[in-house]
Amino acid sequence: MPMCMDLQPGGIPMPLAETPREAAQMRWTKPFKPKAGPRYIQIAEMLAESIQSGILQDGEQIPPQRALAAHLGVDLTTVTRAYAEARDRGLIASYSGRGSFILGARETPTLAGIDLTMNIPPQPANGSMAQRVSAGLEQVLQRNRIEVLSPYQDEPTTRSLLQAAQGWLKPALGDLDSRSLAVCSGSQAAIFAILSAHARAGDAILCDPLTYPGLLLAARQLGLLIVAVASDADGMRPDDLEQACQESGARLLYLNPTFHNPTAHTMPAARRQAIAEVLLKRGITLIEDDPYRYLLDDAPAPIACLTGGANTYYLASLSKCLWPSLRTAFVLPPRGDDGQGLLKGLRASSMGCSALLLALVDQWIRSGTARELVQEIQREARARQHLARTLLSHEFQAHPTGLHLWLQLPAHWHQERFTQALEDVGVSVAGADSFSVATQGPDAVRISLGGAPDQALLGQALRKVEGLLKEDRRRGGRAFV
Ligand SMILES: Cc1ncc(COP(=O)(O)O)c(C=O)c1O
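In my numbering, the protein residues as written are 24 to 504.
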C-alpha cells in the first residue's frame, strides 16, 4: 500500500508507488466534485456509473478499502461508508478474507425466481419486522383473554380499535365520528362488498383505462360492465367522466388517485376538486381506494374530503404501509350511509376480520409501532427507488417512497415478449395487460420493488431488466418488431 502521496491536476491524490494491478483496480475512480454531496456517496456513485457504463464487470474485485482510501486521499471511514452504501444499493458484495466484488450472478446467493409482480411493502432493512410482529402478538396475548380473541368479528369492532383507526386516519381525513367507520378484512373485500351492494350484473362501473387488477377481478366476477374513462397528464378527465356517466348510466366510479396502481401517478388537488364536483352534480358514488397515501408525505387531500364525505367510500388499507398479513382496511362509508350494505356484503363473503389481527392492529397503532413501521418502510422504499434510478437508464414513473415503478418499454419491445424474456432469466414483473380494461394494454410494465427479499437481490433483478432493455436496443428492434 503506498504511503507517499502526490496531487495530480484533477485534485485527486496520486499514490507514488502503485502496482499495475492496483492501478487497474482503481481505474473507475474520478476526482471528487465540489458541492456534489458527501464523498462516500460520490464513491458509491462512481461505482454505480462504472458498472452502468461497463467499465466494471460482474464479479470483478475492487480495491481493498485501505488502498482505495490512500489512492483517493480520504479517511478509511469514508471508504468503509462508501462500500456499505454500495452494498446497500446492491452494487457490490463483500466477503471476509476475500474482499469486495462487483455484484453479479456468480457472487450472490441466487436469482432463481425474484418475483417483482406483487405490490408488497419491502421488509425494513434492519430486519425488525419479525421482532415487531412477535412483540406485538405477545403484548396482545398479555392484554386480552383468549376468549376475547376467539370469536367471529362480523359486527362493528371494538371501541378501542375504532378510536385507534380514527387517530390513524386523522392526518388524511381530519376529525371523524368513529361510529361511522367500518373495519374490513382488506380493501379487496371492501371493494367486492361495495360493488355487490350497489350494482347488479350488467350495470356499469367507471374507472381509469389502467387500474388495480382486483377491481377488474371483482367487477368481472359480478358481471358488471367495466367502462374506462379517458385520462390526461393529471388523471381522469372530468368532462369525459360526465360524458361516460351520461352514456353508460353508471352510478359507480372507482379511483385510486394517490400513487396510482399501476402508473404511479398522483392526481393533483385541482383535478380532485373537478372530479368531486362531477360526483356531486351527477350523484354517482365513488370508491376512493387510497392504500398508498400512508407512505407518501406529500399527497393532496382525499377526494372524500372535497365531497364533504358525500357519495364517497374511502378505503384505507394497511397492507401497503404496514403489512399485508394484517388483512385490515378502514372504510369510511358515504355520509348518511349507515354502512349496513357494506357489512352485509362482508358478512356474506367472509364473516368479518380476524379478532387476533385486529387486536394486533390496535396494539401497533396505540403503541406507536405502526408509525415507526411506516417510517422504516418509507426509508427502505426510498433506498430501493434510489437503486432503481441508479441502475435503470430508461425513464420511468415513480414516487421517491413508492412501492413500484411504471416503465414504458422502448418501441421495439412488446410487453408480453419482454415479461417472458425476463422470466427466462429469473425475474417476474407485471405487464400492462393485467391492469388494462381493454384486452390489450400499452407496452409497459409495473415493477414492484418490495418483492425482492433485499436490496442486493433487487439490484441483480434490476440489472437483468436493464440488460434486457439494452440488449434489445442493440438488436435495433430487428428481432422484435
Ligand atoms: C390500489 C389497491 N387497492 C387495494 C389493494 C389490496 O388491498 P388489501 O390488501 O387491503 O385487500 C391493492 C393491492 O395491490 C391495491 O394496489
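Where a beta carbon is used, it is the ideal one built from N, C-alpha and C, also for glycine.
Item, Value
"For H288, which residues of its own chain have a beta-carbon under 7 Å away from its beta-carbon, when the five flanking residues on both sides are left out?", "G258 and Q420"
"Buried or exposed: I85, going by 16 or more other Cβ atoms within 10 Å of its Cβ?", "buried"
"Spatial neighbours of K56 within its chain, please: C-beta separation below 8 Å, excluding the five flanking residues on both sides.", "Q65"
"If we count the other Cβ atoms within 10 Å of its Cβ and call it buried at 16 or more, is R486 buried or exposed?", "buried"
"Can you tell which of V250, L126 and S76 has its C-alpha closest to the C-alpha of W51?", "S76"
"Under the DSSP definition of a beta bridge, which residues are partnered with W429?", "Q420 and R469"
"Are the segment 409 to 424 and the segment 385 to 392 in contact at 8 Å, needing three or more beta carbon pairs?", "no"
"When we look at the beta-carbon of D313 and count the other beta-carbons within 10 Å, is it buried (16 or more) or exposed?", "buried"
"Report the CB separation of E351 from V384 in whole angstroms; it is logged as a contact under 8 Å.", "First, the amino acid is wrong: residue 351 is Thr here, not Glu. Correct: roughly 5 Å between the Cβ atoms."
"Please confirm whether any heavy atom of ligand 1 lies closer than 7 Å to the CB of S210.", "yes"
"Please list the segments of the beta strand (DSSP E) lying wholly inside the segment 331 to 367, counting only runs of 3 or more residues, in order along the chain.", "335 to 340 and 352 to 355"
"Hey, I228 and A273: beta-carbon distance below 8 Å or not?", "yes"
"Please return the same chain residues whose Cβ sits closer than 7 Å to the Cβ of P325, not counting the five positions on each side in sequence.", "A195, L196, E311, D313 and Y337"
"Alpha carbon to alpha carbon, what distance is there between S254 and T234?", "12 Å"
"If distances are taken between C-alpha atoms only, which option among L248, A153 and E72 comes closest to I115?", "E72"
"Since T424 and L303 are thought to touch, with beta carbons under 8 Å apart, how far apart are those beta carbons, to the nearest angstrom?", "About 32 Å; that fails the 8 Å criterion."
"Which same chain residues end up closer than 7 Å to M152 when comparing Cβ atoms and leaving out the 5 residues on each side of it in sequence?", "Q146"
"Distance check for T442 and E395, CA to CA, integer angstroms please.", "36 Å"
"Counting along the chain, where does the alpha helix (DSSP H) carrying F441 start and finish?", "Q438 to D447"
"For the alpha helix (DSSP H) holding I78, just list the boundary residues, first then last.", "Unbroken run through I78: none, as it is neither H nor E."
"For R308, which residues does DSSP report across the bridge?", "First, the residue type needs correcting, since residue 308 is Thr and not Arg in the sequence shown. Answer by DSSP bridge pairing, in chain order: L275."
"Please classify I470: is it buried, with 16 or more other beta-carbons within 10 angstroms of its beta-carbon, or exposed?", "buried"
"I'd like to know whether the C-beta atoms of Y106 and Q88 end up nearer to each other than 8 Å.", "yes"
"Can S340 be considered in contact with ligand 1, in the sense that its beta carbon sits closer than 7 Å to one or more heavy atoms?", "yes"
"Beta carbon of G482, beta carbon of L238: below 8 Å?", "no"
"Taking the DSSP output, what are the residues bridged to F215?", "F215 pairs with nothing; no bridge assigned."
"Would a C-beta distance cut-off of 8 Å place E494 and A148 closer than the cut-off?", "no"
"From this set, R112, L199 and A293, which residue's C-alpha is nearest A406's C-alpha?", "R112"
"Run through DSSP, which three-state label would Q463 get?", "coil"
"I'd like to know whether the C-beta atoms of I217 and P261 end up nearer to each other than 8 Å.", "no"
"Checking contacts by CB at 8 Å: is P86 closer than that to chain B?", "In the structure shown, chain B does not exist; there is a single protein chain."
"Could you pull the start and end residues of the alpha helix (DSSP H) that I143 belongs to?", "Per DSSP, I143 belongs to no alpha helix (DSSP H) and is neither H nor E."
"By the three-class DSSP mapping on this structure, what secondary structure does Y118 have?", "strand"
"With DSSP as the reference, label E494 as helix, strand or coil.", "helix"
"May I ask which residues mark the beginning and end of the alpha helix (DSSP H) holding A227?", "First-last for A227: A227 to C230, but that is the beta strand (DSSP E), not the alpha helix (DSSP H)."
"Between the Cα of L245 and the Cα atoms of R223, V252, P236 and A251, which residue gives the shortest distance?", "R223"
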